[in-house]
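J.:
Residue numbers (our numbering): 9 to 80.
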């Protein structure tokens, strides 16, 4: 269960970070500054979310496998 909670937490952190990065990039662009670095960071966060999503099925299978004796 801890593994699943960790994955979901990592995914949520990435969602919130990407939202904040988009806002910061918009402010920087409006001020005439480069927003390139925000885009790079956004891409890194997107990859982090993808990795968490890819690991979810295995974590879910592990949890349901551990719970099966209780539901039988």
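Glycine included, C-beta positions come from ideal geometry on N, C-alpha and C.
With a Cβ-Cβ cutoff of 8 Å, do residue 8 and residue 26 count as a contact?
T.: Residue 8 lies beyond the range of the chain shown here (9 to 80); nothing can be said about it.
J.: DSSP three-state label for residue 47, please.
T.: Reading the chain shown from its first residue, position 39 is the one you call residue 47. Looking at residue 47 - three-state DSSP - the assignment turns out to be helix.
J.: Closest to residue 20 by CA distance: which of 40, 56, 38 and 44 is it?
T.: Within the chain shown, numbered from 1, the residue matching residue 20 stands at position 12. With distances taken between Cα atoms, residue 20 lies closest to 56.
J.: Going by other Cβ atoms of all chains shown within 10 Å of its Cβ, with 16 needed for buried, is residue 22 buried or exposed?
T.: Here residue 22 refers to the residue found at position 14 of the chain shown. Buried is the call here.
J.: Since residue 22 is in the alpha helix (DSSP H), which residue starts that stretch and which ends it?
T.: Residue mapping note: residue 22 aligns to position 14 of the chain shown, counting from 1. Note, residue 22: alpha helix (DSSP H), 10-38.
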